[in-house]
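Heads up: the structure comes next, in structure tokens.
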Amino acid sequence: MKEDTALTKTYTTQARSIAEKRVVIAGHRLANLLISLNLKENIVYEPTQGEKLQQKMDELKDKVNDKMNKFADNVNEKMDKFTDKVMSILQDKFKFMQ
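Numbering (this note's numbering), first residue to last: 3 to 100.
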């Protein structure tokens, strides 16, 4: 190999083949290592206190957002009814004045 020259097609094909074989061998070694550790089948992850607190805060935030959205919907509905009522009264008054 010379510096600043492109790799040949043969070289890159052989290098890829060798690299793939080495990755497979490494995968088998890793699998054997993991098997040898005798990990329990049902490993249960226990969240930290901080994670538990964050989860509770997220749940509370969701509840607050739901209540705020319901409140806003209720206010909008009442405002729409109020606006309709005012418009109806104004239209009746305008008709009366004509």
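Every residue gets a Cβ at the ideal spot worked out from N, C-alpha and C, and that includes glycine.
| Check | Outcome |
| --- | --- |
| Alpha-carbon spacing of Ile37 relative to Asn76, whole angstroms | 59 angstroms |
| Backbone CA spacing between Asn34 and Val46 [nearest angstrom] | 23 angstroms |
| Alpha helix (DSSP H) segment containing Ile20, residue limits | 11-38 |
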